[in-house]
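Residue numbers (this note's numbering), protein chains in the order written: chain S, 286 to 630; chain E, 3 to 360; chain R, 206 to 466. We treat Cβ as the ideally placed atom computed from N, Cα and C, and that holds for glycine. See below for the structure under consideration.
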Amino acid sequence: MAAKKNGPVIALGAVLAAGLAAPLVTGSPLGFYLEVLIGGLMAGVLYSLVALGFVLIFKASGVFNFAQGAMVLFAALALARLAEWLPAWIGIPAGFPALTLAFVLAAGIMVGLAWVIERIVLRPLVAQDPVALLMATLGVTFFLDGFGQTIWGSDIYKIDLGISKDPTMILESMFQGGILVSKEDLIAAVIAAGLVILLALFFQKTATGRALRAVADDHQAAQSIGIPLNRIWVIVWAVAGFVALVAGMVWGAKLGVQFSLAQLALKALPVVILGGFTSIPGAIIGGLIIGVGEKMAEVFLGPPLVKMWDLAGGGIENWFAYVLALLFLMVRPEGLFGEKHIDRV
Amino acid sequence: MFYRENGQFKSSYREDQQILGIRQDRWFIFGLIAFAFLVVPFVASDYMFRAILIPFLIVSLAAIGLNLLVGYCGQISLGHAAFMAIGAYAAYNLVVRFPQLNFLLVLVLAGLIAAGVGILFGLPSLQIKGLYLGVATLAAQFFIDWVFARVKWFTNYSPSGSVSTAPIELFGYKFDSPVERYVLVLAVVIVFALMAKNLVRGHIGRSWMAMRDMDVAAEVIGIRPMYAKLSAFAVSAFYAGVAGALWGFVHLGSWEPAAFSINFSLNLLFMIIIGGMGSILGSFIGAAFIVLLPITLNQVLPPLGALVGMNFGTAMASHLEFMIFGALIIFFLIVEPLGIARLWAIGKEKLRLWPFPH
Amino acid sequence: MRQRKIGEVILDVRNISLSFGGVKALQGISFDVREHEVRAIIGPNGAGKSSMLNCINGVYHPQEGEIVFRGEVRRDMDTHHAAESGIGRTFQNLALFKGMSVLDNIMTGRNLRMKTGILAQALHLGPARAEELREREFVEHVIDFLEIQAYRKTPVGRLPYGLQKRVDLGRALAAQPQVLLLDEPMAGMNLEEKQDMCRFVLDINDEFGTTIVLIEHDMGVVMDISDRVVVLDYGKKIGDGTPDEVRNDPEVIKAYLGVSH
Chain S
286 MAAKKNGPVI ALGAVLAAGL AAPLVTGSPL GFYLEVLIGG LMAGVLYSLV
336 ALGFVLIFKA SGVFNFAQGA MVLFAALALA RLAEWLPAWI GIPAGFPALT
386 LAFVLAAGIM VGLAWVIERI VLRPLVAQDP VALLMATLGV TFFLDGFGQT
436 IWGSDIYKID LGISKDPTMI LESMFQGGIL VSKEDLIAAV IAAGLVILLA
486 LFFQKTATGR ALRAVADDHQ AAQSIGIPLN RIWVIVWAVA GFVALVAGMV
536 WGAKLGVQFS LAQLALKALP VVILGGFTSI PGAIIGGLII GVGEKMAEVF
586 LGPPLVKMWD LAGGGIENWF AYVLALLFLM VRPEGLFGEK HIDRV
Chain E
3 MFYRENGQFK SSYREDQQIL GIRQDRWFIF GLIAFAFLVV PFVASDYMFR
53 AILIPFLIVS LAAIGLNLLV GYCGQISLGH AAFMAIGAYA AYNLVVRFPQ
103 LNFLLVLVLA GLIAAGVGIL FGLPSLQIKG LYLGVATLAA QFFIDWVFAR
153 VKWFTNYSPS GSVSTAPIEL FGYKFDSPVE RYVLVLAVVI VFALMAKNLV
203 RGHIGRSWMA MRDMDVAAEV IGIRPMYAKL SAFAVSAFYA GVAGALWGFV
253 HLGSWEPAAF SINFSLNLLF MIIIGGMGSI LGSFIGAAFI VLLPITLNQV
303 LPPLGALVGM NFGTAMASHL EFMIFGALII FFLIVEPLGI ARLWAIGKEK
353 LRLWPFPH
Chain R
206 MRQRKIGEVI LDVRNISLSF GGVKALQGIS FDVREHEVRA IIGPNGAGKS
256 SMLNCINGVY HPQEGEIVFR GEVRRDMDTH HAAESGIGRT FQNLALFKGM
306 SVLDNIMTGR NLRMKTGILA QALHLGPARA EELREREFVE HVIDFLEIQA
356 YRKTPVGRLP YGLQKRVDLG RALAAQPQVL LLDEPMAGMN LEEKQDMCRF
406 VLDINDEFGT TIVLIEHDMG VVMDISDRVV VLDYGKKIGD GTPDEVRNDP
456 EVIKAYLGVS H
């Protein structure tokens with residue numbers, strides 16, 4: 286009981302590693318394989334970004350924020366539409382200046398939203414059963430989805446970061462035909478990495494960050510030394526809102542801003558299960574594992590499955606993440622990096 | 003004044019354990035059932051049957067199922083529509099492959115198959131609780147969606163991936179018109195609702211509620227968590243399965259896998275939050291609410307918009323619907339976590355004393 | 206002074222050690238409980254008293270030792286087996302089923318004896334109904350015994366603390382246990398409530414012959430009603446004997462009462 290049970294985790298890791306290596310063994314071209322791998326890593330970075338928002342809120346307030354996906358959609362909608370409207374409203378040039386201003390405004394909106402959610406939803410429900418809180422965030426999800434589309438519109442919008450979407454060839458000397466990589470994906474990865482570093486600095490170096498960590502460790506102890514819980518929660522939700530904005534921007538630029546973003550963001554749930562609810566590195570590594578895993582499964586496992594059972598198409602990536610998380614839950618409920626806790630009677 | 007129980011004395015435990023202990027309640031419910039069977043079929047329009055009454059009754063049944071699991075046993079499910087899908091496709095395959103089977107038997111079998119799958123996806127509940135379980139049930143939702151969309155055998159190799167059914171025949175009688183279908187659904191729903199009520203007032207229901215309220219104490223007095231949780235998953239999925247089969251055969255007639263998506267699951271959850279967790283009556287109220295709200299909005303908004311000179315399209319109505327659902331869920335969780343059913347009970351308490359304040 | 210027939214050893218706890226991570230909650234604890242006696246476990250906060258009860262009825266699983274209950278030797282207990290073989294339990298922090306009425310809470314104590322299946326329940330068939338009525342009769346005896354008839358249909362969450370404690374006792378009692386573990390049954394009560402609770406505990410012991418193992422902080426109560434007392438401190442047993450013996454044990458005085466020599 287006291288010793289950590291690592292056996293099942295190692296077994297699962299071995300299966301995943303074998304799955305990762307299998308395509309190479311069965312003779313897929315290395316260049317194509319690497320392309321798929323990189324594509325998976327990119328998707329994983331985006332999952333990590335959303336998962337990061339989850340972990341922040343869960344750490345500080347014990348709320349499992351189902352609405353993180355809706356916040357991503359809301360932020361992306363705000364950004365896309367403001368960038369479109371601002372030139373007409375105040376006459377600043379379209380393109381990068383408008384986008385920058387729109388980003389600042391959208392960040393402001395997300396902070397305001399965080400404040401409202403804390404005031405109206407969380408404060409009255411404080412110390413409720415976690416499932417009730419989860420359902421409350423489900424309510425927030427629906428409200429935000431409806432509200433966002435009411436004020437921002439419900440078509441598909443573009444966020445143009447001014448980066449060419451054309452793929453570039455890299456490593457041409459090493460492989461025949463090289464590897465196709467989209468510049469946009471690279472930039473996305475850089476932005477995500479930058480955000481993670483920024484958050485790490487914020488948590489380690491600032492007084493607010495230290496207070497946040499104190500609250501995450503022990504609510505009551507933090508309160509007793511005079512850390513105002515309510516303000517901390519607003520800050521955490523605001524930071525999560527900002528993370529959602531960055532995720533929305535990157536994701537929106539890649540796929541277009543549309544309703545399905547919120548659905549995609551649901552994939553962050555299995556990510557946090559895998560990584561552990563309270564771990565920031567867990568969110569990042571979990572995101573990468575799931576991003577790579579589902580791409581690999583779709584590309585290399587899908588076609589043989591379709592052939593074998595005569596399926597009407599692939600689409601394994603729709604459930605791969607959830608089933609993987611479920612299997613993982615059975616062997617290690619606290620996740621890769623999460624903390625185990627003991628019930629007291 | 004009219005709602006008093008003076009002079010109604012219970013002289014045996016059996017009387018004390020009746021579902022409707024107060025005479026006025028008994029009259030009210032019997033009256034309502036009589037009205038639904040004897041008056042509604044003659045006065046309601048086809049539109050009422052097709053768009054409101056039949057869907058309301060069927061989703062009530064699904065909501066009862068979900069309420070048994072979430073409201074009574076405290077195990078969350080975010081993927082209950084998947085069990086409806088199991089029921090619908092199971093019934094479809096049974097009818098296609100064994101055309102001579104009686105439809106009522108098909109319903110029960112479809113429910114049992116859903117119950118089996120429910121137990122399978124309920125297994126994680128023995129290890130994990132609350133939020134974690136939510137993700138496990140999401141896995142059920144997406145995996146089952148995928149299976150029905152991709153595995154051709156389940157749709158009997160229909161080229162479009164959608165399936166369609168013939169009208170239901172029972173004992174040589176065809177349930178074809180909306181009225182006939184309504185009466186069939188009504189009968190099934192009343193029987194199953196009564197059975198659910200019986201379950202929750204018996205020892206099995208008590209073991210579910212004990213798990214919900216304090217699982218360690220429940221174990222200590224000898225309730226087996228495995229049996230309590232898995233039986234809740236099984237019964238709940240059974241109800242969802244029967245509801246799914248009815249939804250496919252009686253309401254939709256033909257459907258594709260998207261008919262039982264995650265949004266349906268979330269809507270079911272909203273029904274029990276708004277209607278009342280841990281209340282059979284609440285399941286009905288919540289279902290009525292969720293069925294009626296979009297229809298009402300679609301009716302009321304355009305003229306209201308015209309009044310203030312704005313043009314509310316259907317897209318707008320659907321966004322507003324989302325907002326109202328969201329706001330109501332938050333409202334009920336904060337103000338009355340036990341839902342409208344609790345408000346109804348409070349109202350009755352007041353009425354008992356009326357016209358005196360205390 | 207009450208006169209009772211104290212019988213053979215019914216529960217024998219041997220060399221129990223329990224730790225959580227690095228924290229040693231219990232270290233090699235042994236003691237026995239005789240049939241029909243009132244056995245108290247005392248000790249300062251954090252001495253491991255509740256952990257001890259949790260081991261006896263299988264909520265915790267000790268790393269070492271064994272538990273002998275009614276002649277059956279077990280390495281550790283599991284909760285279901287404990288309940289089935291006749292160990293009942295109340296809780297220090299109320300662990301009632303808050304969403305249920307007093308009646309339903311106590312009825313759950315009879316769940317072990319209720320065997321009708323799901324289908325019979327759903328259809329409310331004869332056997333299911335008969336079983337429900339039979340168990341209801343017994344539960345009504347418990348309700349009468351604890352004098353809570355008036356609150357039968359009240360949700361337990363609405364009752365005052367003292368009455369909730371009584372319902373907790375009733376739920377355990379409904380299972381007709383051979384041994385009843387009471388975890389601070391009188392904590393947080395006023396004098397009158399304490400007297401009531403004392404009376405109930407002694408009556409249970411007298412009338413039903415139930416063996417009682419009790420954790421209590423109120424020394425007056427402990428010395429009054431218990432036959433023998435175990436003293437724990439920091440997970441170790443430091444005293445065992447009749448109230449008088451324990452009261453005069455220098456080790457106990459030093460550790461527990463905090464009196465200097």
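Considering only E:Ser233, E:Val193 and E:Asp217, the residue with the shortest C-alpha distance to E:Gly118 is E:Ser233. Residue burial is scored here from C-beta neighbours: E:Ser179 has fewer than 16 other C-beta atoms within 10 angstroms and is therefore classed as exposed. Look at E:Gly250 here: in three-state DSSP terms it is helix. Chain-order list of chain E residues neighbouring R:Gly251: empty, with the shortest C-beta distance near 20 Å, by a criterion of under 8 Å. Taken through DSSP and simplified to helix, strand or coil, R:Val238 comes out as strand.
Separation of the CB atoms of E:Gly113 and E:Val244 is rounded to 4 Å, and the pair is thereby assigned contact status at 8 Å. Restricted to the segment 246-308 of chain R, the alpha helix (DSSP H) segments that are unbroken, complete and at least 4 residues in length are 254-261 and 284-289, listed in chain order. As computed with DSSP, S:Asp470 is found in no beta bridge at all. S:Ile575 sits close to S:Tyr332, with the two beta carbons spaced by under 7 Å.
For E:Val222, the closest Cβ of chain R is nearer than 7 Å. Residue-level contact check: E:Tyr15 touches chain R, since one or more beta carbons of chain R fall below 7 Å from its beta carbon. For R:Ile420, the enclosing beta strand (DSSP E) has its first and last residue at Thr416 to Ile420.
In the DSSP assignment, S:Tyr332 falls within the unbroken alpha helix (DSSP H) covering Leu315 to Ser346. When the beta-carbon positions are compared, E:Met211 and E:Gly73 stay at least 7 Å from each other. In this structure, S:Glu583 places its C-beta atom within 7 Å of the C-beta atom of S:Gly599.
In its chain, beyond the 5 residues on either side, Tyr91 and Phe150 have a beta carbon closer than 6 Å to the beta carbon of E:Phe156. Using a Cβ-Cβ cut-off of 7 Å, R:Leu351 is close to nothing in chain E; its nearest Cβ partner there is about 16 Å away.
In terms of beta-carbon proximity, S:Val416 lines the interface with chain E, with at least one pair separated by less than 7 Å.
The beta carbon of S:Leu446 sits closer than 6 Å to the beta carbons of Ala538 from its chain, once the five residues preceding and following it are set aside; these are given in chain order.
Residues of chain R with a Cβ closer than 8 Å to the Cβ of E:Gly280 are, in chain order, Gly304.
Its Cα nearest to that of R:Gly304, the residue R:Leu364 stands out among R:Gly263, R:Leu374 and R:Leu364. For E:Glu258, same chain residues with a beta-carbon under 7 Å away, outside a window of 5 residues either side, are Gly163 and Ser164 in chain order. Within the segment 343-397 of chain S, not a single complete beta strand (DSSP E) segment reaches 3 residues in length.
When the alpha-carbon of S:Asp440 is set against those of S:Ala363, S:Ala597 and S:Met420, the nearest one is in S:Ala363. A contact is defined here as three or more CB-CB pairs under 8 Å, and the segment 61-78 of chain E fails this definition with respect to the segment 302-311 of chain E.
E:Ile331 belongs to the set of residues whose beta carbon lies under 7 Å from a beta carbon in chain S.
The contact set of E:Tyr175 on chain S, defined by CB atoms closer than 7 Å, is empty, because the minimum CB distance reaches about 36 Å. Counting the other Cβ atoms within 10 Å of the Cβ of E:Val98 gives fewer than 16, which makes it exposed.
The segment 344-362 of chain S makes no contact with the segment 373-388 of chain S: fewer than 3 CB pairs, one atom from each, lie closer than 8 Å. A Cβ-Cβ contact shorter than 7 Å links R:Val457 with R:Val436. Annotation: the continuous beta strand (DSSP E) that includes R:Val434 extends over Arg433 to Asp438. Nearest Cα to E:Val337 within the set S:Leu407, S:Ala597, S:Val321 and S:Val294: S:Leu407. In this structure, the straight-line span from the alpha carbon of S:Leu322 to that of S:Phe339 is close to 25 Å. In the three-state reduction of the DSSP assignment, E:Glu171 falls in the strand class, which pools E and B.
Under a 10 Å Cβ-count criterion, E:Ser79 is classified as buried, with 16 or more other Cβ atoms of the shown protein chains found around its own Cβ. Within the segment 121-140 of chain E, contact with chain S at the beta-carbon level (separation under 7 Å) is assigned to Pro126, Gln129, Ile130, Gly132, Leu133, Tyr134, Gly136, Val137, Ala138 and Leu140.
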